[in-house]
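Residue numbers (this note's numbering), protein chains in the order written: chain A, -10 to 295; chain B, 194 to 544. Glycine is no exception: its CB is placed at the ideal position from the N, C-alpha and C atoms. Just so we're clear, the structure is a prediction, and the values are computed from it rather than from any experiment. Note sheet for the following structure.
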Ligand SMILES: Nc1ncnc2c1ncn2[C@@H]1O[C@H](COP(=O)(O)OP(=O)(O)OP(=O)(O)O)[C@@H](O)[C@H]1O
Ligand SMILES: [Mg+2]
């Protein structure tokens, strides 16, 4: 801390007058206006409506007062808490595993080798396959009567398909995590690979030359360089896996259910009074995922610096 | 103290193009400063990377103190390379950058800190510990890159144009610094440059590379006094080449016969080469011919004359006062000092 922080880091860019700058800013705002409008209407509009309904305000069905009943019900419900934990477990575990495997694959795909283009094509192929198809694949492969189970029985690893550990509709959400990991590895991997290729290998060469072994060079040089990209990509994955409905609905257990499934089921409940609860849950999902993303970014940034 | 031996070292990046480094044989003396000199793209960086272990040679061998080190990973070779484009780790502070090598060696934090401070003093950037690389100028970054390499006290130091971004004054100081550290610590240093003056000033020996091939490996003055080919002489500022026939210590050319005791050839077709500084005007004591001054330039520290000798034109660099003695168009005796003439193989036998 001996050196005082420089006053200004950015070089002065020309001598644009104040009014010129203001005009510039206005132009940018105007150019962005259509996009901002759509986002505000669709996203904020939905969010605000949802928020109002979660407070019990739904004039169409005669609910006119504001109250926190829905939130109280939701938070005191043991099922909700277990759902929340399960959802976090799904999102966190699949994001972590997918990120690690994606970085590993990107490192393997980086050097030039014969047939690289083909391997890269195969690697990114399942980016185009819908989640639902993946889920069906997981069902077919890993369910109690699935291919893996039958193969294991055939090979004598287990006595009968009943002895196969539950991986679909199971309490640990293994099937869901398998599906997410399978689908998200190429998503993160392609981004990381692009960064790796643009950064080049020279920084690692410097590190190796200065005495770092392979692992040290990766840990101290490569990883910090690609970390911003890994974080951005995995934040998207985390937010998606935290809020997505169809996979846990297909592959999840009956209790506890993942939050999005729980919210959807309350929403489609014949009892209209459950609607505020559904909305409250949706709000909690939104707030929680935002908070966790913030925390995640902070932690990973610190990790980069150390 | 490490002696580095390159034997038939070759690197070919792809089969279609010629090798970037072609059967390079080089004996880099222990504790000396060797310059790797050559035009852009001649394979200097590639050679350094192979020595450092960052590139695998296509063929050939590299030995440290007589033992092949090809199977030894870069971190265990004790050869540290400073890159042409410095490559400071952007997310680390300057102190972390310099201390990197020590951290990898698990040196105690406190010791790293004091040694980093010492290094910053050495490269004349005291107090820069907490800055980030992007807050530094190119020249400052270059010095940090040098400090980052020196701190680990390498056996072999590989500097890839470490002074290219410094202004003349700082470059002189850094040259002296490198020279001092190198002599004090007796680090075997290989120094890449495409500036022949820098190589001459700094190096104990110069290896000149064209297109991946070693042209000449010698002490600096040899490149001026006895270059092995016309190309080498030209690279070192030689301008006067007169074809002729060499026999019995004399070379016969279209403009006359000259005594030339120093020669790279036994006899036969040869080229008389003489540096412009060795061409004198006016005095006629043998080894001279009459010429006509075609043009001259006054440069301040010296004057440059262009003189036609029959079909041939030569260049002379003389004392600046001589511009007062001669005018363009004058007939003057032009003398080639026999001790300064160097007879070279003709270019055709080169190819
Ligand atoms: N990774 C690579 N792949 C393919 N060709 C390469 C690679 N690196 C270098 N080359 C080629 O090898 C030759 C030598 O390159 P090198 O970087 O060693 O030149 P240099 O002498 O250091 O030049 P400069 O003075 O411009 O730095 C060049 O023709 C270059 O295009
Ligand atoms: Mg180079």
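Does DSSP put residue 415 of chain B in a helix, in a strand, or in coil?
helix
Do we get a CB-CB distance below 8 Å when we pair residue 186 of chain A with the residues of chain B?
no
Beta bridge counterpart(s) of residue 202 of chain B as assigned by DSSP
B:217
Stretch-stretch touch, CB-based, cutoff 8 Å, three pairs: the region 243 to 250 of chain A with the region 83 to 91 of chain A:
no
Classify residue 98 of chain A as helix, strand or coil using the three-state DSSP reduction.
helix
So the candidates are B:464, B:516 and B:199; which of them puts its Cα closest to the Cα of residue 253 of chain B?
B:199
Going along chain B, which residues have a C-beta under 7 Å from residue 200 of chain A?
268, 294, 297, 298 and 345
For residue 497 of chain B, I'd like the list of residues in its chain whose CB is within less than 6 Å of its CB, leaving aside the five on either flank, ordered along the chain.
490 and 510
Are the CB atoms of residue 342 of chain B and residue 273 of chain B nearer to each other than 8 Å?
yes
Please report whether the beta-carbon of residue 265 of chain A lies at a distance below 8 Å from any beta-carbon of chain B.
no
So what does residue 446 of chain B bridge to, in DSSP terms?
B:437 and B:449
Any beta carbon of chain E sitting closer than 8 Å to that of residue 106 of chain A?
You won't find chain E in this structure, because its protein chains are A and B.
Taking only the alpha-carbon atoms, compute the straight-line gap between residue 152 of chain A and residue 134 of chain A and give it to the nearest angstrom.
11 Å
Residue 194 of chain A at chain B interface by Cβ criterion, 8 Å
yes
Residues within the region 212 to 227 of chain A neighbouring chain B, beta-carbon criterion of under 7 Å:
213
Would you call the region 526 to 536 of chain B and the region 472 to 485 of chain B touching, i.e. three or more CB-CB distances under 8 Å?
yes
With 16 other Cβ atoms within 10 Å as the buried cut-off, status of residue 349 of chain B
buried
First and last residue of the alpha helix (DSSP H) that includes residue 291 of chain B?
287 to 297
Under 7 Å from the C-beta of residue 273 of chain B: neighbouring residues of chain A:
198 and 199
With respect to 7 Å, is the separation between the Cβ of residue 389 of chain B and the closest non-hydrogen atom of ligand 2 below this value?
no
Cβ shell of residue 159 of chain A (< 7 Å), same chain only, five flanking positions each side left out
242
Start and end residues, alpha helix (DSSP H) containing residue 249 of chain A:
248 to 256
Taking just the CA atoms, how far does residue 249 of chain A sit from residue 275 of chain B?
54 Å
State yes or no: is the C-beta of residue 140 of chain B nearer than 7 Å to some heavy atom of ligand 1?
One cannot answer for residue 140 of chain B here, as it falls past the ends of chain B, which runs 194 to 544.
Exposure label - residue 364 of chain B; buried when at least 16 CB within 10 Å:
buried
Around the Cβ of residue 233 of chain B, are there at least 16 other Cβ atoms within 10 angstroms (buried) or fewer (exposed)?
exposed
Report buried or exposed for residue 259 of chain A, applying the criterion of at least 16 other Cβ atoms within 10 angstroms of its Cβ.
exposed
With DSSP collapsed to three states, give me the class of residue 232 of chain A.
helix
Go ahead and pull the three-state DSSP assignment for residue 273 of chain B.
strand
Please state whether DSSP places residue 23 of chain A in a helix, a strand or coil.
helix
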